[in-house]
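Residue numbers (UniProt numbering): 1 to 880.
Set out below in structure tokens:
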């Protein structure tokens, strides 16, 4: 600081609190930090005081950005809330200008100045400030100025200035063209907006900031130019939209509507109608067609309504106006009538080889024969056999039938003849053409002509051709068509001779294209003409051609017809046929033929042969049919030889059948032995069957055995049955426990002894519960059905129980007896206690007969031979 300034400062009367700061400034006049400390101290002082300090600081340090920035911010804060015409705004502006002398490279100063000028509504001066800022700052700093400049341009109604500003800005940032387009649209400068939008649409490298696709931009352009034809004049709208039609083929409907809408808004209604017609004749999707047709119909309807309103309001309307209204109405009705036909055209443009759509098109021309003929002609010329969707031959057939229906049979024959020359994909399609042609001749009662057609169609080609060789034409492979030969055979049967029909069937068999049904038909045809042996030979040829299961129907018809004609007169031949049939017969078809064979032997052969057939059948049928077959075998054996001869059959069945059916067979076997009086045999059968009867599952079997013992057994046999039951139950429980133990050991090898003890306790508890349930059930059954009787009380044992000297003690002999014996013993002792009053042998015998309820049945005398049969009175004497 100079000496004059020092003397000046000493003359100024400073507040006492400013003295330290002034002394620091005197010592450090060029220190920004000391000046800022002084400014902070003066922050609450009046504006003039703060400004003086800032001015003194800037006088000493004019290049300090920090002091200038804070000074400008303070000055702006001081004018905040004041009127824009306040002189302080000019002072602040002058301060900014003085600052820019030194700070012209600082973008923050320019930004603050521009924003401050924008608030003052001084448009020209503000624009000059922004222009000076862009000239003063390097290009790399312009991105900080342009947002404020554009905001200023959009804020005020200065479209021309804003457009020029935006044009300058787009040179720097062409990707922001969408923002420019939005502004142009908002200020109603649609022509330039359309130009800009067209330019970015043509630019393949343009990327929208709003995430719009190129197609969306196209739609925006089309909407803009189509809805504003009077404002967009610099672009060729028709060419632009048609370019979009070529470019976006999957969105044709909207673009066509935009083009038509452009002409509608332009007042060119006829041109718009032409556009709609062109659109519905060219679109390829149903969606596009629906969009265009709806717009077209709405356009015609609105046009008709407006015209009708104008004519109704105009008192000077003439007949020409009425004709115009009728013409518009007819045009609208014609459009609505053509909708289905136009939609069909769209589908055919999608795929011209769609046969079904061609048929639908013909139906749409119900009352227009010429259109139907033209449609059929176009269809058969357009659809290619290799590309056809559907059956192409149906078009030819319906075409010919149309001529036939209208009485033009010769034209129908020409169509069929042309159809036979078409190279279809499948032989069956060509065969259908020939068959339909023959059927037409039959309808016209030209039977000889139909036979000639079939003969011509089935003629052998000049060289040998494989039917499945796709490289050959279908005309060359037609001679092996089964459909064609089948109809040929039917026609020969109906209108030909026996000789010609037989030749046709023989030819079918020689070509090896016959089916089992054709063989059967051939046989029936020969039988109708009483050529039975010829029919049998035909069946044999068919059997030689086919294998199982296809030959089943042939064998069925052959054997049935043979037995019906010869019965037992040719028994050996019939046996040979059955043996030949059964040689390779699968099990699922064997049952029927074995039963038929056995019936033959029963009616005309020997009984032992029939039994042999039944025996073979039991092992030849399916496993699920074996049980039924054994039942039939047993029944027939009993009818022919008697019950004793069925024992061998039962034994074989028990060995062969699965467990479920084996149990049933054992029960039946035991019942049969019981009827014959062979009680021991029956008991042995029950014992044998019991080894596969788990008491928990097959309770019915054990109840049946128990009922048997009640009727025919005694105390010993009942005990033996119970012992067997416990043994079987223990066996199954052991198996289950072993399986569970193996599973547990394999899954939990590291389980400690405490867990193992817990598992054993649970198993023991479950076993005890099951045994308790069985003891209770046995107790109830024994108390209700069996009551063994003791004699008088002779004494008591050490445990206080009554001792019966006649009782058989089996407790020590059966090591495996458990608590069930105790239950049975207690039950018997209760019965003894309730019957102490019975003292005589006679009373005991009566009580036994009453309690056991013995059912006695007479046994056939043949079973005992010469032995005397004991009567009931003899049994009572024996008991006495």
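Every residue, glycine too, gets a C-beta built ideally from N, C-alpha and C.
Note that this is a predicted model, so its numbers are computed, not measured.
Exposure of residue i, with buried meaning 16 or more beta-carbon neighbours within 10 Å
i	result
residue 327	exposed
residue 407	exposed
residue 210	exposed
residue 77	exposed
residue 291	buried
residue 516	buried
residue 548	exposed
residue 17	exposed
residue 323	exposed
residue 101	exposed
residue 417	exposed
residue 82	exposed
residue 458	buried
Coarse secondary structure for residue i, derived from DSSP in three states
i	result
residue 409	helix
residue 302	helix
residue 354	strand
residue 621	coil
residue 854	With a pLDDT of only 39 at residue 854, under the threshold of 50, the placement of this residue in the model should not be trusted; the figure read from the coordinates follows. In the structure shown, residue 854 sits in coil (DSSP, three-state: anything other than H, G, I, E or B).
residue 389	strand
residue 401	helix
residue 707	helix
residue 733	helix
residue 137	coil
residue 314	coil
residue 881	Examination of residue 881 is not possible in this model, given that the chain is present from 1 through 880 alone.
residue 934	Any property of residue 934 remains undetermined from this structure, which presents the chain solely from 1 to 880.
residue 678	coil
residue 597	helix
residue 31	coil
residue 129	helix
residue 199	helix
residue 536	helix
residue 460	coil
residue 414	helix
residue 696	coil
Integer Cβ distance of residue i from residue j, believed to fall under 8 Å
i	j	result
residue 200	residue 184	Not confirmed; about 13 Å, so no contact.
residue 672	residue 653	Between residue 653 and residue 672 the Cβ distance is about 12 Å, and since that is not below 8 Å, they are no contact.
residue 427	residue 474	5 Å
residue 145	residue 134	6 Å
residue 357	residue 348	5 Å
residue 72	residue 95	6 Å
Pair within 9 Å by beta-carbon distance, residue i and residue j
i	j	result
residue 589	residue 558	no
residue 151	residue 118	yes
residue 281	residue 235	no
residue 412	residue 431	no
residue 359	residue 388	no
residue 300	residue 273	yes
residue 397	residue 355	no
residue 495	residue 451	yes
residue 297	residue 279	no
residue 594	residue 582	yes
residue 712	residue 667	no
Backbone CA spacing between residue i and residue j [nearest angstrom]
i	j	result
residue 767	residue 706	23 Å
residue 854	residue 729	With a pLDDT of only 39 at residue 854, under 50, the local geometry of the prediction cannot be trusted, and no value is derived from it.
residue 695	residue 630	26 Å
residue 586	residue 543	15 Å
residue 191	residue 178	15 Å
residue 449	residue 438	8 Å
residue 19	residue 136	42 Å
residue 545	residue 512	8 Å
residue 391	residue 262	45 Å
residue 870	residue 684	Confidence at residue 870 is low in this model, with a pLDDT of 43, below 50, so its placement is unreliable and the value that follows should be read with caution. Going from the Cα of residue 870 to the Cα of residue 684 covers about 24 Å.
residue 566	residue 530	14 Å
residue 519	residue 481	16 Å
residue 63	residue 112	18 Å
residue 493	residue 662	55 Å
Cβ-heavy atom distance, residue i to the ligand SAH, below 8 Å
i	result
residue 192	With respect to the ligand SAH, the structure shown offers nothing to examine, as it has no ligands at all.
Cutoff 9 Å: residue i Cβ touching any chain D Cβ
i	result
residue 729	Of the chains in the structure shown, none is chain D; there is only one protein chain.
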